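Trainee: So that we are looking at the same thing, I have put the structure below in structure tokens.
Number of protein chains: 2
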Amino acid sequence: MDIYIAKGAGFCFGVKRAVNIAFKTAERSVKRVATLGPIIHNPQVVDKLSEAGVKPLDKVSEDVDILIVRTHGIPVELYESLRDAKFELIDATCPFVKKAQQYAKLLREEGYQVLILGDKDHPEVKGILSYAGESAIVVRDAGEMPMLNSRVGIVVQTTQPVEALKKLLEKVIQTVKEVKVYNTICNSTALRLRETEDMTRKVDLMLVVGGKNSANTKQLVTLCNDCRVKTYHVETAGDLFPKWFDGVEKVGITAGASTPDWIINDIVRKIEAIGERACTSRGRES
Amino acid sequence: MDIYIAKGAGFCFGVKRAVNIAFKTAERSVKRVATLGPIIHNPQVVDKLSEAGVKPLDKVSEDVDILIVRTHGIPVELYESLRDAKFELIDATCPFVKKAQQYAKLLREEGYQVLILGDKDHPEVKGILSYAGESAIVVRDAGEMPMLNSRVGIVVQTTQPVEALKKLLEKVIQTVKEVKVYNTICNSTALRLRETEDMTRKVDLMLVVGGKNSANTKQLVTLCNDCRVKTYHVETAGDLFPKWFDGVEKVGITAGASTPDWIINDIVRKIEAIGERACTSRGRES
């Protein structure tokens, strides 16, 4: 059995940065460190951080010495209020998400109605929306387009597929005379989706590794299903069943932006143990 | 034989305005009136104007009392130089073309690389390009896309189909991070194309009426051919052949923005004379 791992699989720049910040903060001799919500959408990483002393909080508490803002960012009103708190505030918002927030603000200041392409329930989108002004609208896709003003500014949840943005633009440009778009989709998302799609054409089975609560991981699952390849979404090596691999010659692995390398490596080792012969090539033929 | 005439066929707002300006100027008791190039791309209208005393000039001449700038507009350098000339200058540039010129200028001033979707040899596009700065590029369609800067501003030749703009945007948004679009396609163009496309599904034969030098008329011909309906491009009733109508039950007529009503009416009368029974409905079932 050959195992292929997609090039863009696993931690993106923003996640790597945030997790590093959290572990480095844990190393400081401060007793009470917390993140506001899970730092990333991966339960295993959140557990490891908890063991290191960095607990995720559901809501703001004054019972901490350091509070870390997670990769997805937070709404501007909350951010402003936290700056006056007694505890130290460390901002681990992904720089690309930060950019999307600033572009939303800029578009609002320039008088555009801001249109955000993304999932309105996702914390990243909630954060961006808070910068976008009262007339702002969030749409999940081009299908649910409401009436728009004559000047529309678009920003995009960083983990959206570029195809969704193209479809949105197609729709918007039909009725809106002035459209300003900041394509805030991050490059690693685009790369990960492209590599995963290419991989589905070469393998018998796809494993998508990542948190069940991770939007970009779920997007990879949807993509693989759309490409009509047998696909399983797993969080850890413990989720694998040997019978999945019966008759499988080539297995592809991709992973969400919040999936750490050690989980991917565990999964590779488990598959190697399952298969009689296994040849692992990472980022070569993917 | 039933004859249908598309709703948006014939003179658009800008053409009507320019032709009115020219005829009204001819009525003034001034001896030497001229247009710089044909006022619109319709030889019959240009001939009528010539008879009324308004001649088209190939290039600027001081031997006139009044010079009229045509619907398509002219490059900014030429415009500036004409303002200091001894003759009176009357600007009959279509207000929508004027807007496209001003948006190109604005985009340039805001630091965008201006991308113009249109025909680089068309006078309207040459005019817009002159406002767009040195880094500006004209593309006929999404297929011929060059390398672009990171901030791109788009304006469109007013008579382009919106489908072409959608395809361009799809391509541009793949690589460019900031895109500002002014959809300068005029509504009457969009309406004319839509009505014409709808009509092709209902008729056995399409007649596209307009100057052989009219870009938007040629675009209608292309559209009809793409819709796989038998199509003829005619300038006047004199171009019609009775045998075209053998076995035809339903004939559709559409016309470019520079085609006057009297030519369309001539054509309807000629078809009525050819057909045994003819029932003309304008803008009803189209």
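First to last, the protein sequences are chains A and B.
This note's numbering runs 6 ahead of the 1-based position in the first sequence.
This note's numbering runs 6 ahead of the 1-based position in the second sequence.
Glycine included, C-beta positions come from ideal geometry on N, C-alpha and C.
All of these numbers come straight from a predicted model, not from anything done at the bench.
Which residues bound the beta strand (DSSP E) around residue 256 of chain A?
Mentor: Counting along the chain, the beta strand (DSSP E) containing residue 256 of chain A begins and ends at 256-261.
Trainee: If you measure between the beta carbons of residue 37 of chain B and residue 71 of chain B, is that distance less than 8 Å?
Mentor: Against a cut-off of 8 Å, the Cβ pair of residue 71 of chain B and residue 37 of chain B comes out as a contact.
Trainee: Whether or not the segment 114-130 of chain B and the segment 152-169 of chain B are in contact is what I'm after, with contact meaning three or more pairs of Cβ atoms, one per stretch, closer than 8 Å; do they touch?
Mentor: Flag = yes, the segment 152-169 of chain B and the segment 114-130 of chain B touch.
Trainee: Using only CA atoms, which one of B/263, B/276, B/125, B/274 lies nearest to residue 23 of chain B?
Mentor: Taking only the C-alpha atoms, the option nearest residue 23 of chain B is B/263.
Trainee: Should residue 129 of chain B go down as buried or exposed, given a rule of 16 or more other Cβ atoms within 10 Å for buried?
Mentor: Residue 129 of chain B comes out buried.
Trainee: Helix, strand or coil: which one does DSSP assign to residue 161 of chain B?
Mentor: It is a strand residue.
Trainee: Determine, using beta carbons only, whether residue 107 of chain B comes closer than 8 Å to chain A.
Mentor: False, the Cβ-Cβ gap to chain A never drops below 8 Å.
Trainee: Along the chain, where does the alpha helix (DSSP H) that runs through residue 92 of chain B open and close?
Mentor: No alpha helix (DSSP H) holds residue 92 of chain B; DSSP gives it neither H nor E.
Trainee: I need the straight-line Cα distance from residue 5 of chain B to residue 63 of chain A, nearest angstrom please.
Mentor: This structure cannot speak to residue 5 of chain B, because chain B is shown only from 7 to 292.
Trainee: Based on Cα-Cα distance, which residue from B/93, B/138, B/124 lies nearest to residue 108 of chain B?
Mentor: Of B/93, B/138, B/124, the residue nearest in Cα terms is B/138.
Trainee: Whole angstroms is fine: what's the gap from residue 19 of chain A's alpha carbon to residue 278 of chain A's?
Mentor: Distance between the alpha carbons of residue 19 of chain A and residue 278 of chain A: 29 Å.
Trainee: What number of angstroms, rounded off, separates the C-alpha of residue 80 of chain A from the C-alpha of residue 281 of chain A?
Mentor: Each residue's Cα considered, the two are about 44 Å apart.
Trainee: Rounding to the nearest angstrom, what Cα-Cα distance links residue 2 of chain B and residue 124 of chain B in this structure?
Mentor: Here chain B covers residues 7 to 292 and nothing more, so residue 2 of chain B does not appear.
Trainee: Is any beta-carbon of chain A found at less than 8 Å from that of residue 155 of chain B?
Mentor: Chain A, which has no Cβ nearer than 8 Å to the Cβ of residue 155 of chain B, makes this no.
Trainee: Taking the straight line between their C-alpha atoms, what separation do you get for residue 162 of chain B and residue 220 of chain B?
Mentor: Computed Cα separation, rounded: 17 Å.
Trainee: Going along chain A, which residues have a C-beta under 7 Å from residue 103 of chain B?
Mentor: In chain order: nothing, as chain A lies at least about 15 Å away.
Trainee: Could you tell me if residue 150 of chain A is buried or exposed, where buried requires 16 or more neighbouring beta carbons within 10 angstroms of its beta carbon?
Mentor: Answer is exposed; the Cβ neighbour count stays below 16.
Trainee: Under 8 Å between beta-carbons, which chain A residues line up against residue 171 of chain B? List them in chain order, please.
Mentor: Those are 179, listed as they occur along chain A.
Trainee: Three or more C-beta pairs closer than 8 Å, one from the segment 198-215 of chain B and one from the segment 23-34 of chain B: is that the case here?
Mentor: Segments in contact, no.
Trainee: Look at the alpha carbon of residue 111 of chain B and the alpha carbon of residue 91 of chain A, and state the distance between them as a whole number of angstroms.
Mentor: Their Cα atoms are separated by approximately 48 Å.
Trainee: Excluding sequence positions up to five away, which residues of its chain have a Cβ less than 8 Å from the Cβ of residue 341 of chain B?
Mentor: Nothing about residue 341 of chain B can be read from this structure; chain B reaches only from 7 to 292.
Trainee: Closer than 7 Å, Cβ to Cβ, to anything on chain A: give me those residues from the segment 185-202 of chain B, in chain order.
Mentor: Listed by position, the residues of the segment 185-202 of chain B near chain A (Cβ gap below 7 Å) are 185, 186, 187, 188, 189.
Trainee: Identify whether residue 77 of chain A lies in helix, strand or coil by the three-state DSSP scheme.
Mentor: If DSSP states are grouped into helix, strand and coil, residue 77 of chain A belongs with coil.
Trainee: What does residue 256 of chain A touch in chain B if you count any residue whose Cβ is under 9 Å from its own?
Mentor: The contacting residues do not exist; residue 256 of chain A stays about 29 Å from chain B at best.
Trainee: So is residue 101 of chain A buried or exposed if we call it buried at 16+ other beta carbons inside 10 Å?
Mentor: Burial call: exposed.
Trainee: Need the endpoints of the alpha helix (DSSP H) that residue 270 of chain A sits in, please.
Mentor: Element bounds for residue 270 of chain A: 267-280.
Trainee: Taking the alpha carbon of residue 75 of chain B as the reference point, which residue from B/67, B/41, B/14 has its own alpha carbon closest?
Mentor: Among B/67, B/41, B/14, the Cα nearest to that of residue 75 of chain B belongs to B/41.
Trainee: Give the DSSP bridge partners of residue 96 of chain A, in chain order.
Mentor: Paired residues: A/74.
Trainee: With residue 41 of chain B as the anchor, note down where its beta strand (DSSP E) starts and where it stops.
Mentor: Looking at the DSSP string, the run of the beta strand (DSSP E) that includes residue 41 of chain B is 39-42.
Trainee: When every heavy atom of the ligand ZN is checked, does at least one fall within less than 7 Å of the C-beta of residue 151 of chain A?
Mentor: Inclusion of the ligand ZN in the displayed structure is not the case, the ligand content being empty and no account of it being possible.
Trainee: Under 8 Å Cβ-Cβ, which residues of chain B neighbour residue 175 of chain A?
Mentor: Chain B residues near residue 175 of chain A: 172, 175, 176, 179.
Trainee: Assuming residue 217 of chain A contacts residue 48 of chain A (C-beta within less than 8 Å), just tell me the rounded distance between them.
Mentor: That pair is a contact at about 4 Å.
Trainee: Give the residues from the segment 24-48 of chain A that approach chain B closer than 9 Å (Cβ to any Cβ), ordered along the chain.
Mentor: Listed in sequence order: no entries.
Trainee: Restricting to Cα atoms, I'd like to know which of B/186, B/258, B/235, B/131 is closest to residue 14 of chain B.
Mentor: Ranking the options by Cα distance to residue 14 of chain B, first place goes to B/258.
Trainee: Under 8 Å Cβ to Cβ from residue 273 of chain B, same chain only, skipping five residues before and after it: list those, please.
Mentor: Excluding sequence neighbours, residue 273 of chain B sits near 213, 215, 240, 242, 243, 246, 259.
Trainee: Extract the residue ranges of the alpha helix (DSSP H) inside the segment 164-230 of chain B, only unbroken runs of 4 or more that lie entirely within it.
Mentor: Here the runs fully enclosed are 168-181, 193-206.
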